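Residue numbers (mature numbering (1 follows the signal peptide of the UniProt record, and there is no 0)): -20 to -1, 1 to 1005.
First the structure, in the form of structure tokens, and then the observations on it.
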């Protein structure tokens, strides 16, 4: 019963054969489910090609298909369909839709809507198949009719009408069993990713028993979704690969023995590279190199690639040594476009190109409308692996999206002995089957072709003798799935390396340029052709290595529905011959070539001068054809150029595994009468690759016609010795270069809330390393040691606090250090905004302190107590830098910017101090790979003192104004005192005055005034006044 589904079957044939390889993109089968008013059925969400009683069929899952016409009231329950290739139609498997299941007591079947029947389908080669509904619900009346999406699968054998076995691995859980499945010879495996809050597990059931089953281990990480993908890996034992795409966020794949399902050790798990890349989304087990051990392909479709963008996708190919060792990553294949989700689906194709190796397909369903990439297996698989064909929708197919969401292959549906491939596009409700064209393999062989000799006339053309040779070419055809006889066109192209404007040198069957044949080949039988190749009479000269090329073209056979295609494996399709002359009556030229050379026998390591080699070639006997000069150049020297010096010499080089192969084509032929053929070669030394003190250059000359016992002078050796001159100098500079004064008032310790200026004064120590020798120094190590903190480091008592990464010039790189800005101090207000120290070319004024030795005490003013703040008295730190390829005369600099933590000085009661940093420089890799343990030590010293007290000196105008004001005030005071009579003072008593005083004492009872006046010799009246 087909019900209400309407399917469309299409057979498309496009004329023309522009195929990239043997999957025919023009002749396809299309199965389409048209859906109904209830929505999109998602036809093609899962697909599986398989054979039932040797009849090729296709199972298609449509998890959103409507079944309301079968089960009243149920819609979007999902469905599975069987598609018949002969009848070109699909039929609903109705028995799966209305199937009931009540194995357990007190459990009822839930609603069928939303159960996603057909979300996964799988099959095995003997006719067994699984169809699953991972959202199948059960109702538990004893738990208030609680619903649980336990999931259900249907196991079928050869009959898709009545013979079903229900498999419900768990109860009372959000198991979603049946998201993934795997089928082996005796067992079926069902993934249960939702078990126990997404921990996940796997259920194994014997094929012979409908109910007997076993569970695997349970994952320990919630939402790991273990069992989202499964694959059986065939090694010495059968292994089961279990994908857990969200385990530990990055995704894992576990490998266990399929017969015991034991939990493996975690160190044997395969893990993804990125979080949320869905590593383990899909798995594929396939033997790609025919070594009797499967390879495992693991996809991460949401892998983000730096070049292409997000959700590009990546597939990992793992190789197994044995089942006891963890597989190693053999190849990584990355998608080609952002959001394409490369690796969403993968499938084995079988051997589609008839090369005895299995092939596979990987889809990118969201790359444009969707693409499927085809890859071929091979004996030696290695990166990078390239796809051989890309399948993608064509405009004439109509709108199509999610092409490649599901894949299936390995089954021959048209019985041409080549497996075909099916591609699902569920968003467009279509499945497209591509047929594989038969491969035609043609073996070619031909005899050894003798040179065309102008001395012997073996062919006749136009009644005149012409030099020629004969060539026998044989073709043999073998294939499967092709007719017993085929027609092949052979197109010969003559003298393919000769410029088109020049006349061809040879003719084939009297044809110039191109000669075309059409041959009929029978399977496994040789078809041989005898062809005559002649010298073109219009060509005058002698030539070696004339190349002829042929191309094969398979003729179209109208009687065949699917046209075969030629094997694209490279074949020997070129033939070479020569035109010779002057080889004597025996037609054999025996030359005697010799080589001589001169070159400077010594080279100074690091010298940029090139080496010039003069080469001379001479032939002493008969003509030498195809003469070639070769030189093996060891690592350490590179070929640069050549100078032909008037001779027709062409030189080129090619890199080999352990040397450079220089080849010079000499004039052809080289004759005895030519004398010496001279040319020069220029070699460039590569100091970084020079590892030994002596080098050997091997020179040789040969021709296509061998010599007879005279080859001793065909090979010579030239030796070059390497001289070394190594020396270097270390200097330093402190900024400021005189005494450093600090402000004792700044008491801030370094912290993330502190600005660097609050800590203390800035100190910059800059070191310079100069290569004073004449040889390049490949690698040096620079290390700086400084007093980082006190021994009581736990209290953040820093001393010289390094603010940032050192500032360096080119060629010097400093390593990371945990002693850089330990407390995340703000650099001048904004972290990282400060100006870094500038590095100069040289030091013109280097202070004397940095030249002194460690034990020398600088001359300080007397009366100052100075402490030495140096290692090992303080806790010291070290930072290392690497100096790469320091050329002679070159200078590199590195500057360290510190802040002196003044609060540490205050806590230690240090008034003034002498501190230093010490640089150590050692050659870790010297010229010729040598090492030198002798280190050069240099020290920069800084003197630290508290900031002196500053006296305020008044300005000049204040002094002048004050002096003037004082003068005016003094004059005013004098005037006032003068007015008050301050300056009218009594005179000192004279002798006369003293006598008068005596008279006054004698005449106490008399009139004092009269007697005193007489003594003074003045009148009484005057005295009275």
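No residue lacks a Cβ here, since even glycine has one placed at the ideal position from N, Cα and C.
All figures in this text were calculated on a predicted structure; none of them were measured in a lab.
Just to check my reading of the structure: residue i and residue j have Cβ atoms closer than 8 Å, yes? What is that Cβ distance to the nearest angstrom?
| i | j | result |
| --- | --- | --- |
| residue 343 | residue 387 | 6 Å |
| residue 1006 | residue 511 | Shown here, the chain extends from -20 to 1005; a query on residue 1006 therefore has no answer. |
| residue 429 | residue 582 | That belief does not hold up - the Cβ atoms of residue 429 and residue 582 are roughly 49 Å apart, past 8 Å. |
| residue 645 | residue 608 | 6 Å |
| residue 557 | residue 432 | 7 Å |
| residue 350 | residue 338 | Contact flag wrong, Cβ pair sits at about 24 Å. |
| residue 4 | residue 414 | 6 Å |
| residue 665 | residue 591 | 7 Å |
| residue 130 | residue 155 | 5 Å |
| residue 874 | residue 788 | 5 Å |
| residue 196 | residue 168 | Actually they are not in contact, since the Cβ atoms of residue 196 and residue 168 sit about 13 Å apart, beyond 8 Å. |
| residue 21 | residue 2 | The Cβ separation is near 33 Å, so there is no contact. |
I need the DSSP call for residue i, collapsed to helix, strand or coil.
| i | result |
| --- | --- |
| residue 406 | helix |
| residue 665 | strand |
| residue 842 | Low confidence applies to residue 842: its pLDDT is 34, below 50, so where it sits in the model is not reliable, and the reading given next is rough at best. Coil. |
| residue 654 | helix |
| residue 158 | coil |
| residue 336 | coil |
| residue 732 | coil |
| residue 572 | coil |
| residue 478 | coil |
| residue 175 | helix |
| residue 580 | coil |
| residue 247 | helix |
| residue 833 | Only weak support exists for where residue 833 lies, its pLDDT of 34 falling under 50; the coordinates are left without a value. |
| residue 375 | helix |
| residue 634 | strand |
| residue 102 | strand |
If we ignore side chains and look at the alpha-carbon of each, how far apart do residue i and residue j end up?
| i | j | result |
| --- | --- | --- |
| residue 938 | residue 953 | 23 Å |
| residue 1013 | residue 692 | Past the edges of the chain, shown from -20 to 1005, lies residue 1013, and the structure says nothing about it. |
| residue 908 | residue 667 | 8 Å |
| residue 324 | residue 277 | 12 Å |
| residue 180 | residue 151 | 14 Å |
| residue 163 | residue 546 | 36 Å |
| residue 391 | residue 37 | 9 Å |
| residue 737 | residue 746 | 20 Å |
| residue 63 | residue 35 | 11 Å |
| residue 59 | residue 138 | 19 Å |
| residue 823 | residue 869 | Low per-residue confidence applies at residue 823: pLDDT is 41, beneath 50, and the placement is therefore not dependable enough to give any value. |
| residue 401 | residue 348 | 21 Å |
| residue -5 | residue 541 | Bear in mind that a pLDDT of 31 at residue -5, under 50, signals an unreliable position, so the number given afterwards is only what the model happens to contain. In a straight line, the C-alpha of residue -5 is about 13 Å away from that of residue 541. |
| residue 147 | residue 134 | 6 Å |
| residue 723 | residue 798 | 28 Å |
| residue 340 | residue 505 | 32 Å |
| residue 660 | residue 354 | 51 Å |
| residue 383 | residue 320 | 11 Å |
| residue 689 | residue 577 | 22 Å |
| residue 57 | residue 174 | 20 Å |
| residue 231 | residue 48 | 39 Å |
| residue 219 | residue 209 | 14 Å |
Could you pull the start and end residues of the beta strand (DSSP E) that residue i belongs to?
| i | result |
| --- | --- |
| residue 956 | From DSSP, residue 956 is part of no beta strand (DSSP E) but of the alpha helix (DSSP H) over 936 to 959. |
| residue 862 | 855 to 866 |
| residue 77 | Unbroken run through residue 77 is the alpha helix (DSSP H), 74 to 77; no beta strand (DSSP E). |
| residue 623 | 617 to 623 |
| residue 226 | From DSSP, residue 226 is part of no beta strand (DSSP E); its letter is neither H nor E. |
Less than 7 Å between the CB of residue i and some heavy atom of the ligand FMN, yes or no?
| i | result |
| --- | --- |
| residue 677 | Absence of the ligand FMN from the depicted structure is noted, as is the absence of any ligand whatsoever, leaving it without description. |
Grab the span of the alpha helix (DSSP H) containing residue i for me, first residue to last.
| i | result |
| --- | --- |
| residue 908 | Run containing residue 908: none; DSSP gives neither H nor E here. |
| residue 1059 | Outside the displayed span of the chain (-20 to 1005) sits residue 1059, for which this structure offers no information. |
| residue 715 | It is not in any alpha helix (DSSP H) - residue 715 instead sits in the beta strand (DSSP E) that spans 708 to 715. |
| residue 883 | 882 to 887 |
Report yes or no: is there a C-beta of chain C within less than 8 Å of the C-beta of residue i?
| i | result |
| --- | --- |
| residue 23 | Annotation note: the requested chain C is absent from the structure, which comprises a single protein chain. |
Complete runs of the beta strand (DSSP E) confined to the stretch 265 to 301 [at least 3 residues] = Segments of the beta strand (DSSP E) lying fully in the stretch 265 to 301: 275 to 280, 294 to 299.
query = What runs of the beta strand (DSSP E), each 3 residues or longer, lie entirely inside the stretch 751 to 783?
reply = Correct list: 757 to 769, 780 to 782.
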